[in-house]
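For reference, the structure is listed below as structure tokens.
Protein chains: 4
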Amino acid sequence: MTTPLQRQRRKDARPQELLDAALTLFVEKGFAATKAEEVATLAGVSKGTLYLYFPSKEELLKAVIRHTLSADIAQGRERLLAHQGSATEALLDLLPEWWETVYDSPNSGMFKLVITEVRNFPEIAEFYAREVVEPGMEVIGQLLQRGVAQGEFRADLDVMAAVHSVVLPMIMLCLHKHSLGPCSCIVSILPEPRQLIRSHMALLLQGLQTPAVPKTRKTR
Amino acid sequence: MTTPLQRQRRKDARPQELLDAALTLFVEKGFAATKAEEVATLAGVSKGTLYLYFPSKEELLKAVIRHTLSADIAQGRERLLAHQGSATEALLDLLPEWWETVYDSPNSGMFKLVITEVRNFPEIAEFYAREVVEPGMEVIGQLLQRGVAQGEFRADLDVMAAVHSVVLPMIMLCLHKHSLGPCSCIVSILPEPRQLIRSHMALLLQGLQTPAVPKTRKTR
Amino acid sequence: MTTPLQRQRRKDARPQELLDAALTLFVEKGFAATKAEEVATLAGVSKGTLYLYFPSKEELLKAVIRHTLSADIAQGRERLLAHQGSATEALLDLLPEWWETVYDSPNSGMFKLVITEVRNFPEIAEFYAREVVEPGMEVIGQLLQRGVAQGEFRADLDVMAAVHSVVLPMIMLCLHKHSLGPCSCIVSILPEPRQLIRSHMALLLQGLQTPAVPKTRKTR
Amino acid sequence: MTTPLQRQRRKDARPQELLDAALTLFVEKGFAATKAEEVATLAGVSKGTLYLYFPSKEELLKAVIRHTLSADIAQGRERLLAHQGSATEALLDLLPEWWETVYDSPNSGMFKLVITEVRNFPEIAEFYAREVVEPGMEVIGQLLQRGVAQGEFRADLDVMAAVHSVVLPMIMLCLHKHSLGPCSCIVSILPEPRQLIRSHMALLLQGLQTPAVPKTRKTR
DNA sequence: AATGAATGAGCTTTCATTCAT
DNA sequence: TATGAATGAAAGCTCATTCAT
Chain A
53 MTTPLQRQRR KDARPQELLD AALTLFVEKG FAATKAEEVA TLAGVSKGTL
103 YLYFPSKEEL LKAVIRHTLS ADIAQGRERL LAHQGSATEA LLDLLPEWWE
153 TVYDSPNSGM FKLVITEVRN FPEIAEFYAR EVVEPGMEVI GQLLQRGVAQ
203 GEFRADLDVM AAVHSVVLPM IMLCLHKHSL GPCSCIVSIL PEPRQLIRSH
253 MALLLQGLQT PAVPKTRKTR
Chain B
53 MTTPLQRQRR KDARPQELLD AALTLFVEKG FAATKAEEVA TLAGVSKGTL
103 YLYFPSKEEL LKAVIRHTLS ADIAQGRERL LAHQGSATEA LLDLLPEWWE
153 TVYDSPNSGM FKLVITEVRN FPEIAEFYAR EVVEPGMEVI GQLLQRGVAQ
203 GEFRADLDVM AAVHSVVLPM IMLCLHKHSL GPCSCIVSIL PEPRQLIRSH
253 MALLLQGLQT PAVPKTRKTR
Chain C
53 MTTPLQRQRR KDARPQELLD AALTLFVEKG FAATKAEEVA TLAGVSKGTL
103 YLYFPSKEEL LKAVIRHTLS ADIAQGRERL LAHQGSATEA LLDLLPEWWE
153 TVYDSPNSGM FKLVITEVRN FPEIAEFYAR EVVEPGMEVI GQLLQRGVAQ
203 GEFRADLDVM AAVHSVVLPM IMLCLHKHSL GPCSCIVSIL PEPRQLIRSH
253 MALLLQGLQT PAVPKTRKTR
Chain D
53 MTTPLQRQRR KDARPQELLD AALTLFVEKG FAATKAEEVA TLAGVSKGTL
103 YLYFPSKEEL LKAVIRHTLS ADIAQGRERL LAHQGSATEA LLDLLPEWWE
153 TVYDSPNSGM FKLVITEVRN FPEIAEFYAR EVVEPGMEVI GQLLQRGVAQ
203 GEFRADLDVM AAVHSVVLPM IMLCLHKHSL GPCSCIVSIL PEPRQLIRSH
253 MALLLQGLQT PAVPKTRKTR
């Protein structure tokens, strides 16, 4: 049948395949509404096999969260921290680019999963805070801070609050992707998410108000 | 033959009591993870009584959504539409005020509920689109449009996109209230939501960038 | 509202109305599949009222059986016993007539009810044996016996067995009335029951076989 | 990957075991009064296993009926149709023999089950008509017809009606077997069913009436 | 007497988990 | 290792029965 090597390789891949399947289904339907067998089937194995790799459905959930959260954040973080150009540029280009890779990956579902399940599994909260919220806020915070330091951004900026102004819509769009997104009746109402984030960043930078027009003017 | 008054009064109140209990629990734990009996108990009745008023747990969910969504949106809408002052003022005061009443009420949980359950109950999507998304976007859209028309907001504003910049953080904070909010380990990281929304509005108005400083003046 | 007299009259009628409703529904759907409330509704009263007259659903069943069985058998019995004509005549006319009144009345359902429920309520058996089987067999047995005694029927008749030949089809048609009878797809196959019983009696009397035709005679 | 043999064998046998158990209990207690778990237990499995093979209790009932009805009728039919001897002989020997095998098998319970449940599950009627009533009546009808054609039976015979005279007592005894039969208090009253059917056939053939006795003869 | 809201034991059904193969 | 038949605890739902009015 299969050579020992193939078997070995499949065996090694199993846990990840199961985690992927679990992430997909937990995000789509929620933890409680997902059957263990569905996860197994989506991963191409049988019910019993799932339990060879994870002792229970709940442990599977935790593994999914641990695994997915740890993986993905760090990667873009480096680039943002390393970035040497203007903060404006980082906000308009680098950050949306990074976000797009998150948005496009299945990991975007983690936001929905966390929001959905923290109340039932409070351990998730701590993990999420440590792995996502803190590092995420820190890196954006530093970016904004640098903008202030470099004179690009207004000196009186409330950096903490601004971080949320930057970040919350990005998360919200990830949530939509896995909730209302797939519902045809809503799709038509919402703009394309990539475009939306770029617009949002631009707007954040320049503000809604009609720009002050120096020299000759009667600005409000 | 004549129904006693006290009984009648209790009977009349039951559906609402059950809906309230269901909203609370469905939001907290999700639909699938909430047991019918828990809802009944929280409403102060027994399992069987729940089924006197709603034919199934699923119908209860739909009733919760129908009931809660329909109720709450309209109220602030009127005030926003009626508002005659400057758009800036509406954005800085009226809108945050309105949002605060939503945020404080249990109805704020609807956002979590919808996000969590649309994939499992697609009928929700249509209802949410019709009752919340469309009217909500329309009223904010008109507000921004008026700002543009009155020369308060920049003429080249992408109104559609700006609506999302305004709205998404407000929704996101409602989600937090019912997900990470109650987790002590996170609370410390996040600013007070009311303050956050007001900061967000201010930032959206003025932008991050250091105001262009023309030669002669002392701009704001 | 209602005068005391009317009330009194209704009150007196209640038990019978409930028994009638119960008979109808127990026969149609079986005891276990009939809900107490259905009986009450059909009798035009509310659930609670049923329990004012009968202490439990099971007691209601027993009352139905006691009441219905006792009532109906005796009546025709008298006439058969009193009959002074030929046994042949009794078999061809009197018996079918009697049976027709049973078949037409709701009491015909008792046969189905007994057959359906004896296994679950063995007390029924004794009652049925005493009230229906024994007197019924006795009266038909006497009829046949008289036929033999009077030289109408063959002398070597096994009366016990013949009673069953006479009676079983009559009961069977009562069963059909309440089971397959109402199913349109079967109706077409079955002959009209009254006609059938009369044919059956005639056949029983004369037999299937071509009468032996000895040379000289004009038999029958 | 390969299913072990012993397991496979058990799995193959399960549905039949469950159907057998269900037939027994549904006949004895009726569908509504039989608990799913009782069926499982009688079949030697647990509650859950039942639902591995049948999606619901109601589907189990339908399967029982489909399965049992289809199976059993045909078998004797062939022999009756193939029979080349006299119709009289067929009626006295072949038919009672066939009936006895039905009577002795658990399938005899089907008559009770059909009578008991058609009103609640009208689909049963059509199936019963097609699988039992029609073929059964046809084969007996042909038998009688042949008797007429061969000069054994009276030429003016109403064949349709006669079929019922033949058949109804046979069915009725099957019903008794599963209703009053097991009640000791009745048993004493009723003759042995096999004997009864043979007596019935003999009586049907020859009739109750004293044979006409012409003057000179050796009439049988 | 009559009502019908309320109850909770009990039944149907599901599904996480086990384990013989 | 992998399977999937089997289990039984637990969830959804029903309905006989009670009881305040």
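Residue numbers (the numbering used here), protein chains in the order written: chain A, 53 to 272; chain B, 53 to 272; chain C, 53 to 272; chain D, 53 to 272.
Glycine residues also receive a C-beta, built at the ideal position from the N, C-alpha and C atoms.
Same chain, Cβ closer than 6 Å to residue i, five either side skipped, listed in chain order
| i | result |
| --- | --- |
| proline 266 of chain A | For proline 266 of chain A, the predicted model reports a pLDDT of 49, less than 50, meaning its position is unreliable and no value from the coordinates is stated. |
| alanine 139 of chain C | Leu195, Arg198, Gly199, Glu204 |
| glutamine 58 of chain D | none |
| threonine 262 of chain D | none |
| alanine 73 of chain D | Val91, Leu94, Ala95 |
| arginine 62 of chain D | none |
Which residues DSSP lists as bridging residue i, in chain order
| i | result |
| --- | --- |
| glutamine 261 of chain C | D:Phe205 |
Member of the options whose CA lies at the smallest distance from the CA of residue i
| i | options | result |
| --- | --- | --- |
| cysteine 237 of chain B | A:Glu175, A:Cys237, A:Ser236 | A:Glu175 |
| phenylalanine 83 of chain B | B:Val116, B:Asp64, B:Tyr103, B:Thr101 | B:Val116 |
| arginine 129 of chain B | B:Leu225, B:Glu190, B:Ile241, B:Met212 | B:Glu190 |
| proline 243 of chain D | C:Leu196, C:Arg246, C:Val211 | C:Val211 |
| lysine 114 of chain B | B:Leu165, B:Ala95, B:Met224, B:Asp145 | B:Leu165 |
| threonine 76 of chain A | A:Met162, A:Trp151, A:Pro67, A:Pro221 | A:Met162 |
| glutamate 186 of chain D | C:Ile241, C:Val79, C:Ser98 | C:Ile241 |
| serine 157 of chain C | C:Gln202, C:Leu133, C:Thr168, C:Cys226 | C:Cys226 |
| glutamate 25 of chain B | A:Gln202, A:Gly233, A:Ala201 | No statement about residue 25 of chain B is possible, as the shown extent of chain B runs from 53 to 272 and does not include it. |
| glutamate 141 of chain C | C:Asp208, C:Phe78, C:Gln202 | C:Gln202 |
| valine 79 of chain D | D:Ser217, D:Ser160, D:Arg61 | D:Ser160 |
| phenylalanine 106 of chain B | B:Pro67, B:Thr153, B:Gln60 | B:Pro67 |
Delimiting residues of the alpha helix (DSSP H) encompassing residue i
| i | result |
| --- | --- |
| glycine 96 of chain C | First-last for glycine 96 of chain C: undefined, no H or E at that position. |
| leucine 165 of chain B | 161-169 |
| isoleucine 51 of chain D | Residue coverage of chain D in this structure runs from 53 to 272, which leaves residue 51 of chain D outside it and unanswerable. |
| leucine 147 of chain A | 147-156 |
| alanine 214 of chain D | 211-230 |
Beta-carbon spacing of residue i, residue j below 8 Å
| i | j | result |
| --- | --- | --- |
| tyrosine 155 of chain A | lysine 229 of chain A | yes |
| glutamate 69 of chain C | alanine 95 of chain C | yes |
| leucine 257 of chain B | leucine 143 of chain A | no |
| valine 170 of chain C | serine 231 of chain D | yes |
| leucine 71 of chain D | histidine 119 of chain D | yes |
| valine 91 of chain D | leucine 102 of chain D | yes |
| tryptophan 151 of chain A | methionine 222 of chain A | yes |
| leucine 146 of chain D | leucine 133 of chain D | no |
| lysine 47 of chain B | alanine 88 of chain B | Missing from the structure shown is residue 47 of chain B; chain B here goes from 53 to 272 and no further. |
| asparagine 172 of chain D | lysine 109 of chain C | no |
| leucine 220 of chain A | leucine 209 of chain B | no |
Cutoff 8 Å; reference residue i; Cβ partners in own chain excluding five residues on either side
| i | result |
| --- | --- |
| proline 148 of chain D | Arg246, Ile249, Arg250, Met253 |
| serine 122 of chain B | Glu183 |
| alanine 207 of chain C | Val200 |
| alanine 65 of chain C | none |
Residues near residue i by beta carbon distance below 7 Å, same chain, minus five either side
| i | result |
| --- | --- |
| alanine 214 of chain B | Leu196 |
| threonine 168 of chain D | Gly82 |
| glycine 192 of chain C | The residue asked about is misnamed: residue 192 of chain C is isoleucine in this sequence, not glycine. Hits under 7 Å: Val215, Val218, Val219. |
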